[in-house]
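*Asks:* Residue numbers (numbering that gives the first Met the number 0), protein chains in the order written: chain A, 0 to 528; chain B, 0 to 128. The C-beta atom is built at its ideal place from N, Cα and C for all residues, glycine as well. As the structure is a prediction and not an experimental result, all values here were calculated from the model. The structure under discussion is supplied below as structure tokens; questions concerning it will follow.
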Amino acid sequence: MRGWLIRLVARVPATVRAKLLAALLAMVVLLIALGVVSLQALNAANRRAEELAKLQEKLAAYHELQHGALMQNDRVSMALMVPSEGAAARGRPAQVRQRAQLEFELLLRQVDQFRANFDRHRFDVKDAAQFLGPVSEESHWLSEILTADDQFVKTVTQIAEAIRRGNVTEGHDQLVRAAPLADQIELATGNLAVLADAQMAASIRQSRAAYLTSRWVVTAFAAASVGLALLLGYAISLSLIGPVNQMDDQLRQIASGNFSRRVAVENRDELGALAANLNRMSEELGRLYRQLEDASRYKSEFLANMSHELRTPLNAILGYTELILDQIYGEVPDKIRGVLERVQNSGRHLLALINDVLDLSKIEAGQFTLSFNDYSMADIVRTVSTAVEPLTAEKNLALRVVVPPDLPRGRGDERRITQVLLNFVGNAIKFTDAGEVVIRAGVADGRFLVAVSDTGPGIREEDQQRIFEEFQQADSSSTRPKDGTGLGLTIAKRIVELHRGRVGVTSSPGQGSTFWFELPVAAEWEPKA
Amino acid sequence: MRKRILVTEDHEDNRRILRDLLSSAGYQVIEAVTGEEGIRFAETQRPDLILMDVQLPGLDGYEATRRIKSNLALRAIPIIAVTSYALSGDDVKAREAGCDAYVTKPFSPRALLVKIREHLPQDPPGSSR
């Protein structure tokens with residue numbers, strides 16, 4: 000579901016800006032919808048509050064009516080307590096009549112007031128009914144009150160007229176007949192009040208339920224909006240970040256030389272275009288890289304072939320020369336011998352040059368393979384010192400070897416390490432005219448350190464780095480030019496580096512030089528990819 | 000009786016140098032130009048030692064050595080491989096093919112003679128050196 004949504008967003012054929020805009024608009028629409036829903040809930044609450052107010056009004060009106068009816072009934076009872084004509088005759092008739100007139104006046108006033116109240120509240124009630132919807136039971140009671148009250152009013156009016164005429168007895172009699180009407184009215188108003196109370200209670204209950212419902216709706220809507228917004232944001236950002244990460248990965252692969260990977264970005268926006276360009280670039284780079292590799296391979300193949308072709312006749316020259324010098328073809332006069340030795344030296348120098356160029360070109364092409372085996376550094380030092388002994392003897396130099404007896408066995412290319420040490424020692428002898436050459440070997444922290452010190456002219460600081468570069472010897476104005484290919488130190492440096500080691504020199508003019516190399520005791524061969 | 004050495008070498012000058020060197024040292028030299036010829040001469044002439052150039056056209060020196068060493072009748076003949084300079088792993092390849100020793104071109108004639116004497120059962124009589 001998640002991946003599906005992200006893919007869907009990615010596949011939308013729109014620009015990133017349009018997608019972001021659409022997402023923003025969607026969120027705005029959600030917010031507006033949330034506002035509308037909230038407003039509706041608020042409106043409903045407001046409406047219910049109005050309803051409650053109307054109900055309250057009606058309730059008050061009914062209670063007032065009920066009260067009026069009660070008062071009216073009380074007045075009827077009071078009026079009934081006025082002594083009748085007969086009783087009046089026994090006492091003081093004038094006083095009785097006066098009191099009856101007073102009571103009936105009060106009753107009449109009360110009846111008028113009730114009537115006025117009723118009429119007024121009838122309009123209120125009608126108004127409320129219009130607002131709340133008609134309630135049949137209510138109108139039943141209302142019409143009953145109306146009927147009863149019409150009759151009651153009529154009766155009371157007649158009574159009032161009779162009393163005014165001074166006929167108390169007639170009034171009294173009629174009142175006795177009218178009393179049940181007053182009871183009926185009172186009962187009806189009571190019923191109305193009960194009805195309104197019940198309505199009010201129900202309405203409060205409803206209002207409460209409606210509030211809970213609308214609260215739930217608004218909360219749910221808000222939660223859904225937030226969820227949807229998050230989901231949308233998540234899908235859009237992932238549909239952007241995913242391809243960016245993929246392309247970042249791809250670029251890393253390209254940086255590390257892997258051109259075969261392709262990013263599969265489904266986006267149909269700027270990122271999709273970027274990915275397509277990236278793929279094209281990777282392909283083009285890969286093609287160029289392969290061309291370069293091919294060219295490099297052709298170059299080193301050419302160099303290998305050429306050096307082989309050069310060496311074959313050179314071998315013949317050197318071979319014949321040595322046979323002649325060995326007098327295999329007969330006596331060699333001293334004059335010719337001297338010339339032949341020069342031929343031999345030049346031939347050997349040429350051979351060394353060819354070999355060094357071949358080595359270096361192989362190193363540059365990454366085709367220089369080392370064969371790693373166990374070796375003894377002590378043996379290497381011994382081999383080298385034995386090999387150079389005749390040279391030191393020739394120049395009257397002392398050769399000293401300092402090797403601890405417990406030097407561990409190492410792992411690496413024995414022949415190449417020997418070549419490095421031979422180069423260092425050969426240089427030291429070549430550049431030293433008097434004094435000594437010392438070879439020191441040691442081990443520390445799992446690394447061999449081998450140093451060759453001489454008492455030669457030394458090397459100026461500015462030349463110390465340069466001498467490890469191709470065809471560089473220290474400034475020839477300060478030292479006597481020496482023969483050599485100028486590649487030996489470069490090759491030595493590369494060989495040591497292929498063992499994950501380092502080379503260096505410490506020297507100051509007039510103080511001799513110390514060339515050193517250090518490499519892991521157990522080196523691992525890592526061919527170039 | 001003079002010891003006989005089979006030289007398998009395609010390059011004429013190298014062959015001549017070896018011939019001159021070895022005959023002056025008192026050996027009898029049999030010359031083969033190709034690997035196939037080398038195998039054939041090893042079978043028919045039964046030399047006392049074989050000098051095998053590894054870079055031969057067609058069947059190379061390693062393969063020729065393998066075939067000679069797989070022949071029970073010939074396997075006792077010592078074979079010295081002559082390898083080109085600086086081809087790393089040639090020493091390993093030579094040993095794997097069954098060579099008894101190897102020298103690297105350009106060889107010093109004197110050093111080669113020392114190596115040959117090491118692998119011949121005894122010094123040949125009549126050696127001039």
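1) The alpha helix (DSSP H) with arginine 267 of chain A in it runs from where to where?
2) Just checking: is the beta-carbon of asparagine 314 of chain A within a distance shorter than 9 Å of some beta-carbon in chain B?
3) Taking tyrosine 319 of chain A as the query, report the chain B residues whose CB atoms sit under 9 Å from its CB, ordered along the chain.
4) Just to check my reading of the structure: phenylalanine 367 of chain A and leucine 497 of chain A have Cβ atoms closer than 8 Å, yes? What is that Cβ distance to the nearest angstrom?
5) What beta strand (DSSP E) runs, 3 residues minimum, are completely inside the segment 388-465 of chain A?
6) Would you mind sorting aspartate 47 of chain B into buried or exposed? The rule is 16 or more other CB atoms within 10 Å of its CB.
7) Suppose the cutoff is 6 Å on Cβ atoms and the five residues either side in sequence are ignored; what does the same chain contact list for arginine 261 of chain A look like?
8) Look at proline 56 of chain B and aspartate 12 of chain B and say whether their C-beta atoms are less than 9 Å apart.
9) Would you say glycine 425 of chain A faces chain B, with C-beta separation under 9 Å as the test?
10) Output yes or no for whether 9 Å exceeds the beta carbon distance between alanine 44 of chain A and valine 264 of chain A.
11) Three-state secondary structure (DSSP) at tyrosine 101 of chain B?
12) Using a C-beta cutoff of 9 Å, does aspartate 325 of chain A count as contacting chain B?
13) Using 8 Å for Cβ pairs, my map puts glycine 34 of chain B next to glutamate 62 of chain B. What's the rounded Cβ distance?
14) By Cβ distance, which residues of its chain are closer than 8 Å to threonine 14 of chain A, with the 5 residues on each side in sequence left out?
15) Tell me which residues share the same chain as isoleucine 38 of chain B and place their Cβ nearer than 7 Å to its Cβ, disregarding the 5 neighbours each side in the sequence.
16) On the criterion of 16 or more Cβ atoms from any shown chain inside 10 Å, does methionine 376 of chain A qualify as buried, or is it exposed?
17) So glutamine 27 of chain B is in the beta strand (DSSP E); what residue range does that whole segment cover?
18) Are the segment 205-222 of chain A and the segment 176-186 of chain A touching, with three or more C-beta to C-beta distances below 8 Å?
19) Compute the distance between the beta-carbons of alanine 521 of chain A and arginine 410 of chain A, then report whether it is under 9 Å.
20) Restricting to runs no shorter than 4 residues, where is the alpha helix (DSSP H) found entirely within the segment 28-77 of chain B?
21) Suppose the cutoff is 7 Å on Cβ atoms and the five residues either side in sequence are ignored; what does the same chain contact list for serine 126 of chain B look like?
22) Quick check: the Cα distance between leucine 30 of chain A and arginine 46 of chain A, rounded to an integer number of angstroms?
23) Could you pull the start and end residues of the beta strand (DSSP E) that isoleucine 362 of chain A belongs to?
24) Find the nearest neighbour of glutamate 75 of chain A within the set A:Glu50, A:Val110 and A:Arg336, judged by alpha-carbon distance.
25) So what does alanine 521 of chain A bridge to, in DSSP terms?
26) Taking the DSSP output, what are the residues bridged to valine 504 of chain A?
27) Is it the case that the Cβ atoms of leucine 488 of chain A and glycine 500 of chain A are separated by a distance below 9 Å?
28) For chain A, check one thing: does any of its Cβ atoms lie closer than 9 Å to the Cβ of proline 129 of chain B?
29) Using a Cβ-Cβ cutoff of 8 Å, what residues of the segment 368-383 of chain A are near chain B? List them in chain order.
30) Starting from the C-beta of leucine 64 of chain A, find all residues in its chain whose C-beta is less than 7 Å away, skip the five residues before and the five after it, and write them out in chain order.
31) Counting only Cβ-Cβ distances shorter than 8 Å, please list the residues of the segment 485-507 of chain A near chain B, keeping chain order.
32) Restricting to Cα atoms, I'd like to know which of A:Ala223, A:Val502 and A:Val338 is closest to phenylalanine 423 of chain A.
33) For a contact meaning CB atoms closer than 7 Å, what does proline 108 of chain B contact in chain A?
*Replies:* Straight from the coordinates:
1) Counting from one through the first sequence, the residue named residue 267 of chain A turns up at place 268. Per DSSP, arginine 267 of chain A lies in no alpha helix (DSSP H) segment and is marked neither H nor E.
2) As a working mapping, residue 314 of chain A is identified with position 315 in the first sequence. Taking Cβ atoms only, chain B reaches closer than 9 Å to asparagine 314 of chain A, which makes this a yes.
3) Position 320 of the first sequence, counted from the start, is the residue given in the question as residue 319 of chain A. Asp12, Arg15, Ile16 and Asp19, listed in chain order.
4) Residue mapping note: residue 367 of chain A aligns to position 368 of the first sequence, counting from 1. Residue mapping note: residue 497 of chain A aligns to position 498 of the first sequence, counting from 1. The Cβ separation is near 7 Å, so the contact holds.
5) If we require 3 residues or more, the beta strand (DSSP E) runs fully inside the segment 388-465 of chain A come out as 397-401, 408-411, 435-443 and 446-453.
6) Here residue 47 of chain B refers to the residue found at position 48 of the second sequence. Looking at its Cβ environment, which holds 16 or more other Cβ atoms inside 10 Å, aspartate 47 of chain B is buried.
7) Reading the first sequence from its first residue, position 262 is the one you call residue 261 of chain A. For arginine 261 of chain A, where only same-chain residues beyond five positions count, the Cβ hits under 6 Å are Asn278.
8) Working through the second sequence from its first residue, we reach residue 56 of chain B at position 57. Working through the second sequence from its first residue, we reach residue 12 of chain B at position 13. The answer is no: Cβ separation not under 9 Å.
9) Here residue 425 of chain A is taken as the residue at index 426 of the first sequence, counted from 1. So no, glycine 425 of chain A is outside the interface.
10) To locate residue 44 of chain A, count along the first sequence from 1; it is residue 45. To locate residue 264 of chain A, count along the first sequence from 1; it is residue 265. Going by C-beta atoms, alanine 44 of chain A is not nearer than 9 Å to valine 264 of chain A.
11) Here residue 101 of chain B is taken as the residue at index 102 of the second sequence, counted from 1. Reduced to three states, the DSSP call for tyrosine 101 of chain B is strand.
12) As a working mapping, residue 325 of chain A is identified with position 326 in the first sequence. For aspartate 325 of chain A, the answer is yes, since a Cβ of chain B falls inside 9 Å of its Cβ.
13) Translated into the one-based positions of the second sequence, residue 34 of chain B becomes position 35. Translated into the one-based positions of the second sequence, residue 62 of chain B becomes position 63. Confirmed, Cβ separation roughly 6 Å.
14) Here residue 14 of chain A is taken as the residue at index 15 of the first sequence, counted from 1. The answer, listed in chain order, is Asp268 and Glu269.
15) Within the second sequence, the letter at position 39 stands for residue 38 of chain B. Excluding residues within five positions, the ones whose Cβ falls inside 7 Å are Ala63, Arg66 and Ile67.
16) Taking the first sequence and counting its residues from 1, one reaches residue 376 of chain A at position 377. With 16 or more other Cβ atoms within 10 Å, it is buried.
17) The residue given as residue 27 of chain B occupies position 28 in the second sequence. Where glutamine 27 of chain B is concerned, the enclosing beta strand (DSSP E) stretches over 27-31.
18) no
19) In the first sequence, counting from the first residue as 1, residue 521 of chain A sits at position 522. In the first sequence, counting from the first residue as 1, residue 410 of chain A sits at position 411. A contact, by the Cβ cut-off of 9 Å.
20) 34-44 and 60-69
21) Reading the second sequence from its first residue, position 127 is the one you call residue 126 of chain B. Any reading at serine 126 of chain B must be qualified, since the residue scores a pLDDT of 46, below 50, and its modelled position is unreliable; the value itself is stated next. Hits under 7 Å: Ala24 and Gly25.
22) Residue 30 of chain A sits at position 31 when you count from the first residue of the first sequence. Residue 46 of chain A sits at position 47 when you count from the first residue of the first sequence. Near 24 Å, if we compare the C-alpha coordinates of arginine 46 of chain A and leucine 30 of chain A.
23) One-based indexing of the first sequence puts residue 362 of chain A at position 363. It is not in any beta strand (DSSP E) - isoleucine 362 of chain A instead sits in the alpha helix (DSSP H) that spans 333-363.
24) In the first sequence, residue 75 of chain A corresponds to position 76, counting from 1. According to the sequence shown, residue 75 of chain A is valine rather than glutamate. Selected option, being the one with the closest Cα: A:Val110.
25) Here residue 521 of chain A corresponds to residue number 522 of the first sequence, with the count starting at 1. Beta-bridge pairing links alanine 521 of chain A to A:Arg410.
26) For the purposes of this step, residue 504 of chain A is taken as the residue at position 505 of the first sequence. DSSP output for valine 504 of chain A lists A:Phe514 as bridge partner(s).
27) Numbered from its first residue, the first sequence carries residue 488 of chain A at position 489. Numbered from its first residue, the first sequence carries residue 500 of chain A at position 501. No, the pair does not count as a contact, with Cβ atoms beyond the cut-off.
28) Residue 129 of chain B lies beyond the range of chain B shown here (0 to 128); nothing can be said about it.
29) Thr368, Leu369 and Ser370
30) Within the first sequence, numbered from 1, the residue matching residue 64 of chain A stands at position 65. For leucine 64 of chain A, where only same-chain residues beyond five positions count, the Cβ hits under 7 Å are Asn116, Phe117, His120, Thr188 and Leu191.
31) none
32) Residue 423 of chain A sits at position 424 when you count from the first residue of the first sequence. Out of A:Ala223, A:Val502 and A:Val338, A:Val502 has the C-alpha closest to the C-alpha of phenylalanine 423 of chain A.
33) The count along the second sequence starts at 1 and reaches residue 108 of chain B at position 109. Here the neighbours are Gly318, Glu321, Leu322 and Asp325.
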